[in-house]
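These protein sequence lines are chains A and B, in that order. Using the working numbering, read the first sequence as starting at 555 and increasing by one per residue. Using the working numbering, read the second sequence as starting at 89 and increasing by one per residue. All residues carry an ideal CB built from backbone N, CA and C; glycine is no exception. The structure under discussion appears below in the form of structure tokens.
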Amino acid sequence: MSIQTAGPPGLECVQVSKTFGSVTALDRLSVTFSAPATGLLGANGAGKSTLLRTALGLSRPDSGQLRVLGLDAVAERREVRRRVGFMPEHPCLPADLSAQDVCVQLARMRGLGRRDAVRRTSEVLFAVGLEEERRRPVGSYSLGMQQRTKLAQALVHGPDLVLLDEPTSGLDPAGREEMLTIVRRLSADLGIRVIASSHVLEDIERTCDEVVVLRAGTLAAQRPVLVEQELTGPVDVLVSGDVGEFARALEPLLAPLGIRVAPTATGDIGLDRSSDAALDVVRDLAAARGVGLQHLVPAARGLEDVVVDAMGVHGG
Amino acid sequence: MGAAPRAVLHDIRYSRYSGSLRPRSTAVASFVASSVRRPLGLRRSAGSKVWPFLLLAVAYLPSLAVVAVPLLVPQVTLQPTQLISYATLLATNSVVLLAFVATAIPSMLTRDRRDRVLSLYFATAVSWVEYLVGTALAALSLLAIIVLGPLLVLFVGSIATADDPGRWVSENIGDLPRIVLAAAVVVLFHTVLGLLVGSLTSRRVFAVGGYLAVVLVAPVVTVLLSTVLSDDWPLALDPASGPIRLAAAIVDRAVSGPGGLAWVVWAVVVVGGSAVVAARYSRGSDA
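Below, the structure written as structure tokens:
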């Protein structure tokens with residue numbers, strides 16, 4: 555399931571493989587990033603950085619085809635370079651230059667005229683909150699300011715797609731909050747496609763529309779961040795006291811409503827539907843038997859469960 | 089009456105850029121300009137300007153002095169080129185040249201590796217070919233300021249101090265292409281040698297040390313070899329004086345050159361060095 559936007563996908567991999575010696579970084583990976591903002595998740599060594607580097611042309615795939623904004627990442631690299639912005643995770647800024655000089659220089663190297671480069675630099679530095687400090691050498695900046703400078707240079711030439719590698723890495727809570735707000739704005743307000751790699755699920759949930767999980771260089775999961783919950787869908791119920799006895803008492807009361815009761819894998823009481831009448835029955839029975847209703851939640855699995863399973867955190 | 093507004097509010101919030109982009113040559117030219125500015129300390133602190141401008145001052149001092157003396161002292165009737173020849177000026181400035189190359193040229197490559205900015209450049213700004221061409225052009229421009237500039241000052245100063253400038257120009261215009269060619273021989277050699285050393289490491293100190301080792305140790309070795317063999321041909325292998333002697337022979341036909349072997353060394357360094365630098369960057373990544 556993926557979220558579509560107009561135009562070619564931001565990134566499209568077809569059977570892409572990449573090995574480094576005996577290590578397989580990408581293993582016939584096929585995935586399409588078509589959402590306005592996609593979060594790329596995976597454990598260390600899952601292939602996230604290799605995928606980003608290959609998309610940017612910094613590394614050639616051994617086989618398969620990789621398209622960026624509909625352009626071949628290898629054959630049409632010049633055009634890809636023009637239309638893409640990149641914010642690396644590692645420090646990548648000349649320490650002796652100011653944020654203003656860095657942005658102007660990179661804008662000019664990307665083809666902007668001097669006047670446009672200066673104007674755009676002012677705009678992006680203002681947007682990332684660095685307008686007051688723009689003339690100081692980058693080497694004297696805090697980590698948060700360096701991160702913002704990296705983001706500013708990624709945006710200065712007006713890219714159609716920005717690739718963000720761990721955009722909140724090393725930021726304090728306030729800086730992280732600001733960075734997440736800016737990143738969300740890129741796709742939501744400015745129409746720039748975003749692919750953000752991160753270890754932090756919460757960052758992805760707040761900034762992206764879709765999440766792609768890699769594991770051992772393969773696609774482990776891809777799903778929207780927000781899944782609309784069906785109001786009358788399956789629910790899980792847990793009560794205090796004897797759960798089995800409560801379930802046995804509940805079953806005949808719900809049968810006339812056509813709702814089946816079954817135990818879940820986690821020991822809860824599973825209802826296959828949850829109409830208002832059924833929820834009233836549960837409430838009334840709990841009150842009548844004097845038991846506490848510990849939880850009553852939709853049975854659909856949350857993003858975190860999907861991601862954790864896909865990343866194989868439990869050894870899967 | 090509709091008066092023109094006295095103040096205009098501009099919305100400086102970020103917006104998408106929709107303007108057209110310049111040709112790649114313009115982008116590379118801007119990279120060259122910024123690469124020239126940095127070793128000279130321009131748009132940087134005052135302290136970072138001291139060393140490069142000190143070297144520039146020393147490089148230009150001899151030619152400015154010999155031009156100034158006939159201009160300011162009427163009793164001196166000698167031409168600047170009679171006070172110091174082009175070949176002598178090249179030799180005089182060779183130490184300044186080596187000091188400038190050592191501190192400026194290798195670090196044009198090492199600083200980008202040190203700052204890890206190459207992934208940014210190659211991913212979103214320039215190809216590795218554009219990067220190397222831009223860096224080489226910047227290095228050539230910087231060294232031309234040091235090598236060609238003083239020679240041109242001497243040439244132009246000689247016109248200014250001549251009793252009959254028109255006649256002087258008509259008699260000596262042939263020197264101009266020789267000056268440019270001689271400077272090109274020196275500048276090209278040291279540009280490639282400096283960039284070659286700079287491409288092999290990301291540590292500036294190693295690059296500077298490596299370049300100095302080549303231009304300071306090699307002369308000692310070649311002189312020793314020449315003494316042991318009782319022959320002059322090993323002197324042609326000296327990377328410090330070899331190109332200067334080649335240039336001196338070009339610009340002043342009275343000076344005997346270091347021989348064909350020096351041209352072979354020159355060609356090997358320029359062609360081979362360029363090939364090695366290209367090979368170091370041809371993957372187009374920062375790895």
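Contact criterion: CB-CB distance below 8 Å. Does residue i meet it with respect to chain B?
i, result
"Asp670 of chain A", "yes"
"Gly601 of chain A", "no"
"Phe587 of chain A", "no"
"Gly869 of chain A", "Model confidence at Gly869 of chain A stands at a pLDDT of 43, short of 50, so the residue's coordinates are unreliable; what they give is reported in the following sentence. Judged by the 8 Å Cβ criterion, Gly869 of chain A is not in contact with chain B."
"Gln891 of chain A", "Nothing can be reported for residue 891 of chain A: it is not among the residues displayed for chain A, which extend from 555 to 870."
"Ala750 of chain A", "no"
"Val638 of chain A", "yes"
"Gln733 of chain A", "This sequence places Met at residue 733 of chain A; Gln is not what is there. False, the Cβ-Cβ gap to chain B never drops below 8 Å."
"Gly683 of chain A", "no"
"Asp650 of chain A", "yes"
"Ser694 of chain A", "no"
"Gly745 of chain A", "yes"
"Met871 of chain A", "This structure gives no information on residue 871 of chain A, because the portion of chain A shown stretches from 555 to 870."
"Arg635 of chain A", "yes"
"Asp834 of chain A", "no"
"Asp626 of chain A", "no"
Determine the burial state of residue i: buried for a count of at least 16 other Cβ atoms within 10 Å of its Cβ, exposed for fewer.
i, result
"Pro158 of chain B", "buried"
"Phe574 of chain A", "exposed"
"Gly869 of chain A", "The predicted model places Gly869 of chain A with a pLDDT of 43, which falls under 50 and marks its position as unreliable, so this point remains unresolved."
"Ile261 of chain B", "exposed"
"Asp790 of chain A", "buried"
"Ala367 of chain B", "exposed"
"Leu785 of chain A", "exposed"
"Asp859 of chain A", "exposed"
"Phe640 of chain A", "buried"
"Phe141 of chain B", "exposed"
"Ser344 of chain B", "exposed"
"Thr735 of chain A", "exposed"
"Ser122 of chain B", "buried"
"Arg371 of chain B", "exposed"
"Glu731 of chain A", "exposed"
"Arg341 of chain B", "exposed"
Please report the residue range of the beta strand (DSSP E) in which residue i lies.
i, result
"Val622 of chain A", "Ser617 to Val622"
"Leu847 of chain A", "Leu847 to Pro852"
"Gln776 of chain A", "Thr772 to Pro778"
"Cys567 of chain A", "Leu565 to Phe574"
"Arg582 of chain A", "Val577 to Phe587"
"Leu595 of chain A", "Ala591 to Leu595"
"Asp830 of chain A", "Run containing Asp830 of chain A: none in the beta strand (DSSP E); it sits in the alpha helix (DSSP H), Asp830 to Arg843."
"Gly712 of chain A", "No beta strand (DSSP E) contains Gly712 of chain A, which DSSP labels as neither H nor E."
"Ala336 of chain B", "Note, Ala336 of chain B: premise wrong, no beta strand (DSSP E); alpha helix (DSSP H) at Gly330 to Val339."
Could one say the Cβ of residue i lies closer than 8 Å to chain A's Cβ atoms, at least one of them?
i, result
"Thr223 of chain B", "no"
"Val212 of chain B", "Looking at the sequence shown, residue 212 of chain B is not Val but Thr. Judged by the 8 Å Cβ criterion, Thr212 of chain B is in contact with chain A."
"Arg110 of chain B", "yes"
"Arg104 of chain B", "yes"
"Leu130 of chain B", "no"
"Ala227 of chain B", "no"
"Leu220 of chain B", "no"
"Asp203 of chain B", "yes"
"Ser118 of chain B", "yes"
"Ala295 of chain B", "no"
"Ala397 of chain B", "Residue 397 of chain B lies beyond the residue range present for chain B, which begins at 89 and ends at 375; the question has no answer from this structure."
According to the Cβ coordinates, are residue i and residue j closer than 8 Å?
i, j, result
"Gly282 of chain B", "Val358 of chain B", "no"
"Ser751 of chain A", "Lys602 of chain A", "yes"
"Leu697 of chain A", "Leu725 of chain A", "yes"
"Ala226 of chain B", "Val365 of chain B", "no"
"Trp216 of chain B", "Tyr369 of chain B", "yes"
"Leu242 of chain B", "Ala271 of chain B", "no"
"Gly712 of chain A", "Arg110 of chain B", "no"
"Pro307 of chain B", "Asp326 of chain B", "yes"
"Gly844 of chain A", "Val793 of chain A", "no"
"Ala629 of chain A", "Leu620 of chain A", "no"
"Leu583 of chain A", "Thr772 of chain A", "yes"
"Ser195 of chain B", "Ala295 of chain B", "yes"
"Leu857 of chain A", "Val765 of chain A", "yes"
"Leu645 of chain A", "Arg291 of chain B", "A small fix is needed here, since residue 645 of chain A is Pro in this sequence, not Leu. No, the pair does not count as a contact, with Cβ atoms beyond the cut-off."
Where do the ends of the alpha helix (DSSP H) carrying residue i lie?
i, result
"Asp200 of chain B", "Pro194 to Arg202"
"Gly729 of chain A", "Pro727 to Ala742"
"Pro817 of chain A", "Looking at the DSSP string, Pro817 of chain A is not in any alpha helix (DSSP H); the run it does join, the beta strand (DSSP E), is Val815 to Pro817."
"Leu610 of chain A", "Segment: none, Leu610 of chain A is in no alpha helix (DSSP H) and carries neither H nor E."
"Arg673 of chain A", "Arg668 to Ala681"
- If you scan the region 241-283 of chain B from start to end, which runs of the alpha helix (DSSP H) of 4 or more residues do you find wholly inside it? 253-260
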